[in-house]
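Worksheet: the structure to be examined is printed underneath.
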Amino acid sequence: MKKIISVLTLVAFALLLGLGSCKPKNAGNAVSGDAAAKAYVAPGKYDEFYNFVSGGFSGQMSVYGLPSGRLLRVIPVFSVDPEKGWGYSEETKPMLNTSHGFVPWDDLHHTELSQTNGEINGKWVFANANNTPRLARIDLKTFRTAEILELPNSGGNHSSPFGTENSEYIVAGTRFSVPPDNANGDVPISSYKQNFKGHISFVSVNPESGKMNIAFQLKTPGVNFDLARCGRAKSHGWFFFSCYNTEQANTLLEVNASQKDKDFIMAVNWKKAEEYIKAGQGEKTKAKYAHNTYDDGTHTATSIIENEVIVLDVAKLKDICYFIPCPKSPHGCDVDPTGEYIVGSGKLAALIPVFSFDKLQKAIADKAYDGDYQGIPVVKYEAALYGEVKKPGLGPLHTEFDGKGNAYTSFFVSSEVVKWNIKDLKVVDRVPTYYSVGHLCIPGGNTRKPFPKYMIAYNKITKDRYLPTGPELSQSAQLFDISGDKMQMILDFPTIGEPHYAQAAPAEIIRNNGQLKIFKIEDNKNAYVTKSEKDSKVVREGKKVHVYMTSIRSHFAPDNIEGVQLGDEVYFHVTNLEQDWDVPHGFAVKGASNAELLIMPGETNTLKWVPDRVGMFPMYCTDFCSALHQEMQGYVRVSPAGSSVPISFHVGKSAEPTK
Amino acid sequence: MATKGEGISGTKCTSCHKLTDEKLVGPGWKGVTERRTPFWIMNFITNPDPMIDKDPAVQAQLELCLVRMPNQSLSDDDARHIVEFMRKNDGAK
């Protein structure tokens, strides 16, 4: 291994020398000699960190190993995934149900690992759907989406899925203000100021089961909510949301929402909101939203439509919300590990304001206000300000923390990451990114306990990073070693979709969380399970034909099926009888208009198939399972409607030929 | 015990093993308790991989069947019940 590293080091050195004289415009010369060794994880060795990366407009979440940048898994969340049968199998279809019906796609922007006492606990990772507003919970024992909750009164769930210190709540703030769902939405768009409202959902999470529930919504003036962070330690009980378009523009926001010198960070005292809820001050409001859960016992999802949500009007109920002025359309809104400093990042600003939680509390106590904004007090800028980082770069977006007193802020316009000291607000280091960085991630960098070894920059523009692939290029992330005083780029790796936010955790926390290797066949409670080959059967119920099928290396039972007729709906309920780790079986049948099944050991999945013609239809296992995988196949005979061919099925011996 | 073993083997074994001496995916079970000790059988079915990798007799069997016997996640109790069922299948009273 040492030899390999030294060879790689030499190669990296050669590259460095060769490009050393170029301007620091492109990749090659930003990499120093030992970069390859630092990102190298030898074959057969594990990475140090899991990285949960948003898949952007793919609607999925990807999981990478760090520091290698190896893609470990793509978890289907909001978009169908034919590879895994997600959204295609009968069992998973309800997961993508919404009040609009089945929605096969969304845009996943941010990820949030669950926490206990402000530290990552390795139980779940949450994700937001930006288009049809939803929140998802992924179970890190199975790396599968376990729950999806739709959010009423919302349009574009962007300010989400950020959570509190014990994941008491995951928040979901609407990007678009819209007329509430129970109001008439058929109004002129130009009536924005009268009719449009913002809503922020506080979604409670059961600490044992993870089950989500909209505890309450805050009804706010109509603005755009962008991002959010919880208070922690001393500021636990508070939440901070960035908002823009306080101009309340409804067209050409690029210009019209950039008029004011300052927009707001909205500070929310959610403990106070809880008091109002307890006192019965919340208004039960009609709403219609889907709540979908996947059960690992039945291997089946259910979708129910909820009808009500409790709303608190923050203009009427005092002491929940305060606006803090923040320069130039704030985007990121990040809280340091001590909970004292709140960093606002104005997309169009050339400075970074840092607010103090203590000063904010004093300002509220002293009523140091500059009037109000639609019934909500506006705290004087200076009264809440700790200080400003002067001339840090152009277009600050997001900030993560190392727990050693430093903050790292991404700059989209000047395409760089700037490290600065929180106490004295001085810039200590800066490093270019390639190109136009959006979010940053330091493992635990949003918690009380960061693991400041690496930082990843997720870039918006990829030009010239990789071999070209036509008009669309792979997205890019860059890994930096931040263990020393200077940030050092050590790896560049492609990502799926467009990466927005990502979080990372030490591998041990996730690996040792009781991850599942198989589903116990004894515990399989699927309504159509077949636990033994001798129980496999084919049952006709009118026009529906149910095939109770098993798979094991390497055959299906039954593998010969006759008596299906044109006009039938056939349901293949396939149970994988294997009880060994990493032995899924697949199932596909010719002409199926949906997808394959990919069935984990001990699991039952169902594929619906409507044959479109009379004839012989092959079926086979799609996941290479043994030396005789290619033998894992069978036939379904489809006869004309009204045919006298009876239902028959078998495996292992041929039945008497029927006519 | 044998009845319990029969139930477990229905889910985890008989997709590949017949109760006669006929080979399906793996060898038929008839006579297995005369060829192997209970100890050997229990070792093999609870943790097949090391024996497939090392035991020459099992390796010879793999050359005939070409499918590695899967680890079916059997507990020691499960294995004990299955051995009792095999003994009954071989005519033990």
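Going down the list, the sequences are from chains R and U.
Note that numbering that gives the first Met the number 0 numbers the first sequence so that position 563 is 562, with each residue one more than the last.
Note that numbering that gives the first Met the number 0 numbers the second sequence so that position 56 is 55, with each residue one more than the last.
Virtual Cβ for every residue (Gly too), placed ideally from N, Cα, C.
Note that the structure is predicted; figures quoted are calculated from it, not measured.
Interface flag, residue i vs chain U, CB-CB below 8 Å
i	result
Glu577/R	yes
Lys140/R	no
Lys524/R	no
Val582/R	yes
Ser20/R	Residue confidence is low: Ser20/R scores 38 on pLDDT, short of 50, so the model does not pin down where it sits. No coordinate-derived value is stated.
C-beta contact flag for residue i and residue j at 8 Å
i	j	result
Asp180/R	Ala286/R	yes
Gly343/R	Pro336/R	no
Val334/R	Arg231/R	yes
Leu107/R	Phe101/R	no
Ser67/R	Ala38/R	yes
Pro37/U	Val82/U	yes
Met265/R	Cys229/R	no
Gly437/R	Phe411/R	yes
Tyr457/R	Ala504/R	no
Tyr407/R	Phe48/R	no
Val563/R	Val544/R	yes
Leu606/R	Phe555/R	no
Ser355/R	Asp262/R	no
Glu90/R	Ala300/R	yes
Pro600/R	Ile517/R	yes
Gln477/R	Ile455/R	yes
Lys210/R	Glu146/R	yes
Ser88/R	Asp105/R	no
Lys346/R	Leu311/R	no
Cys320/R	Val267/R	yes
Residue i - containing beta strand (DSSP E), residue span
i	result
Ala504/R	501 to 505
Ser159/R	Unbroken run through Ser159/R: none, as it is neither H nor E.
Lys287/R	282 to 294
Thr446/R	Run containing Thr446/R: none; DSSP gives neither H nor E here.
Pro431/R	426 to 431
Arg136/R	133 to 138
Glu305/R	299 to 312
Ala214/R	211 to 220
Start-to-end residues for the alpha helix (DSSP H) that takes in residue i
i	result
Glu273/R	269 to 277
His80/U	75 to 88
Pro55/U	55 to 64
Ser8/U	1 to 11
Asp357/R	356 to 364
Ile495/R	First-last for Ile495/R: undefined, no H or E at that position.
Asn42/U	37 to 45
Lys37/R	34 to 38
Thr32/U	31 to 34
Lys192/R	191 to 194
Val254/R	252 to 255
Contact with chain R by residue i, beta-carbon distance below 8 Å
i	result
Thr10/U	yes
Ser74/U	no
Close-in-space but distant-in-sequence residues of the same chain around residue i (CB under 6 Å, 5 per side omitted)
i	result
Lys652/R	none
Ala664/R	What the structure shows of chain R is the stretch from 0 to 658, and residue 664/R is not part of that stretch, so it cannot be assessed.
Lys22/R	Below a pLDDT of 50, predicted positions are generally treated as unreliable, and Lys22/R, at 42, falls in that range; the measurement from the model is reported next regardless. Same-chain partners within the cutoff: there are none.
Ser20/R	Interpretation of Ser20/R is limited by its pLDDT of 38, a score under 50 that renders its predicted location unreliable; no figure is taken from the coordinates.
Ser302/R	Pro93, Asn96, Ala289, Asn291
Met85/U	Trp28, Val31, Thr32
Spatial neighbours of residue i in its chain, beta-carbon cut-off 8 Å, leaving aside the 5 residues before and after
i	result
Ser74/U	Thr45
Nonlocal neighbours in the same chain, by C-beta distance under 7 Å from residue i, ignoring five residues either side
i	result
Leu9/R	Any reading at Leu9/R is ruled out, since the residue's pLDDT is 44, under 50, leaving its predicted position unreliable.
Pro493/R	Tyr465, Ser473, Gln474, Ser475
Leu71/R	Val62, Tyr63, Gly64
Thr115/R	Asn165
>> Which residues of the region 59 to 70 of chain U have a Cβ closer than 8 Å to any Cβ of chain R? Give them in chain order.
In response: Leu65, Val66, Arg67, Pro69, Asn70
> Just by C-beta distance, which residues in the region 12 to 23 of chain U are closer than 8 Å to chain R?
Replying inline: Thr13, Ser14, Cys15, Leu23
> If you measure beta-carbon to beta-carbon, which residues of the region 617 to 645 of chain R are closer than 7 Å to chain U?
Replying inline: Ser625, Ala626, Leu627
>> At a CB distance below 8 Å, what residues from the region 548 to 568 of chain R approach chain U? Give them in sequence order.
In response: Thr549, Ile551, Arg552, Ser553, His554, Ala556
> Relative to chain U, which residues along the region 515 to 545 of chain R have a C-beta separation below 9 Å, given in chain order?
Replying inline: Lys516, Ile517, Lys519, Ile520, Glu521, Lys530, Ser531, Glu532, Lys533, Asp534
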